[in-house]
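Residue numbers (my numbering): 953 to 1364.
All residues carry an ideal CB built from backbone N, CA and C; glycine is no exception.
Below is one structure; the comments refer to it alone.
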């Protein structure tokens, strides 16, 4: 390994670097940054390294599977940095990458701003209000209807514990101009949701064109505001909308890419949480799927392309595919009952997953991998976003994950 000190930051590379000064001794503590070149548009921006092989192959799906990563000899200093969570990979192909070397996580409770307080938004808001007092300082709400925001500010303001009146975060109405004065921006706006009883088979993708148009406007606003927080996509289809936000924020007024907007790790899709929860629902009620509750995983988008694995160690293709089918069509089952399926998504994918994110805990969400937003188990750490590294993903399962990525690339 080759170590450098550049602009006050400790760097490491498996190959010599030119233009970064003389070699130095490895840093014994504090953050270390590895330059991991990648595509300026489709490569990751930065991430926490949890395997030496990610220094050579950190941008693709193989970053999820230790057995598919290239062998890289790690010296004691590098091994210690990985084990202690001090090693961050940075893509020098992206504009402004140097700023990441001096960035530091914001401490304390976070401000959350929520756009659109409809069925999903109001349920999500209620979850954040009741459960987020440990990590949320306050919540801003914005909607096209002043009547709706007035209602929910009034309702939320009257939810309190007796004599502990500051236990829950305060909710206040904000204007669109202030949407990005926050740490987490939660996009729940939606247009054109098919009504109950419609014959639309893929309800999620039916909303893409209309919702993407809304996302584009707010992505440009985030760019103008130089937003440094996390953009959270909750509206359907979650994963393509997350990519839309990332891409549109990085285009200038003429539509040309300049990379000066949101970094890919600043955007996450929140749709996998409810799919994971739906799989658990079925696993609790059918012994054939019970292994999911202790050994299972969920991968891919919120909808077509999703894969539920009954187990990593004891993967069963037939069982996993049946559980996947039940999970993907659960929303249609709720529509057959006669209701829109929004409560579980608003809480499992929305409020609960957002709170796990704020706490730096493992959760289900879509992160930028292989040029798409791919649903995986991940968490935010001081060294950057970390995706779960599994020792070996079975070939059939990895094939499904690759197919999901290709499906998402066809969309956007």
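query	result
Straight-line Cα distance separating residue 974 from residue 1192	44 Å
For residue 1072, three-class secondary structure by DSSP	helix
Cβ contact check for the stretch 1217-1236 and the stretch 1051-1071: 3 or more pairs under 8 Å	no
Residue of 1113, 955, 1292 and 1111 minimising C-alpha distance to residue 1072	1292
Buried versus exposed, by CB contacts within 10 Å (16 or more), residue 1237	exposed
Cβ-based burial, residue 1040 [other Cβ within 10 Å; buried from 16]	buried
Simplified DSSP assignment, three categories, for residue 1208	coil
Alpha-carbon spacing of residue 1340 relative to residue 1099, whole angstroms	43 Å
In chain order, each alpha helix (DSSP H) run of at least 4 residues that lies wholly inside the stretch 1178-1265	1190-1201, 1224-1237 and 1244-1247
Residue from 1011, 1283, 987 and 990 whose Cα sits closest to the Cα of residue 1320	1011
8 Å contact criterion, which residue 1022 and residue 1008 should meet: CB distance rounded	5 Å
Residue 1139 vs residue 1081 beta-carbon contact at 7 Å	no
Exposure of residue 1028, with buried meaning 16 or more beta-carbon neighbours within 10 Å	exposed
Extent of the continuous alpha helix (DSSP H) run through residue 1359	1347-1363
Burial state of residue 1266 (16 or more Cβ within 10 Å)	exposed
Reduced DSSP category for residue 1319 - H, G, I as helix; E, B as strand; rest coil	strand
Extent of the continuous beta strand (DSSP E) run through residue 964	961-965
Classification of residue 1165 by the beta-carbon crowding that lies within 10 angstroms, buried from 16 upward	exposed
Residues bridged to residue 1272 [DSSP beta-bridge criterion]	Bridge partners of residue 1272: none, in fact.
Any beta strand (DSSP E) of 3 or more consecutive residues that is wholly inside the stretch 1008-1085	1039-1042 and 1062-1067
Alpha-carbon to alpha-carbon, residue 1323 and residue 964	25 Å
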